[in-house]
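The sequence shown runs 0 to 68 under numbering that gives the first Met the number 0.
Here a beta-carbon is modelled for each residue, glycine too, at the ideal position from N, C-alpha and C.
If you're wondering where the values come from, they're calculated on a predicted model, not measured in any experiment.
Here is the structure we will look at, set down as structure tokens.
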Amino acid sequence: MATKTIDPVVAARSAVGVAVRRGRDEAPARRALATAKLRRAIDEALADQHAPTAEARAELAEILTGGAR
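Pasting the structure below:
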């Protein structure tokens with residue numbers, strides 16, 4: 000029997016729902032959800048083979064900020 004891995008975002012979202020339904024403080028669960036989403040985004044970005052180079056990121060930052068640093 001293969002073990003099933005639980006997606007941290009799904010687990011955190013469930014914890015928020017449980018906290019709300021039971022009338023508990025939901026702030027810790029919401030922080031865990033935000034952290035799980037951030038970790039997922041970082042993992043996906045690191046796995047992306049087409050990620051921009053540092054030079055391309057610097058150029059994009061300059062464009063978005065209007066050259067202000």
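About 6 Å separates the beta carbons of A31 and A14, which is inside the 8 Å limit, making them a contact pair. As the crow flies, the alpha-carbon of A26 is around 12 Å from that of G16.
D24 places its beta carbon 8 Å or farther from that of A33.
In this structure, DSSP gives G16 a helical state, which the three-state scheme calls helix.
Taking the Cα of I5 as reference, the smallest distance to any Cα among L63, R39, T64 is reached at R39.
Per the C-alpha coordinates, the member of D42, K36, R21, R12 positioned closest to A28 is R12.
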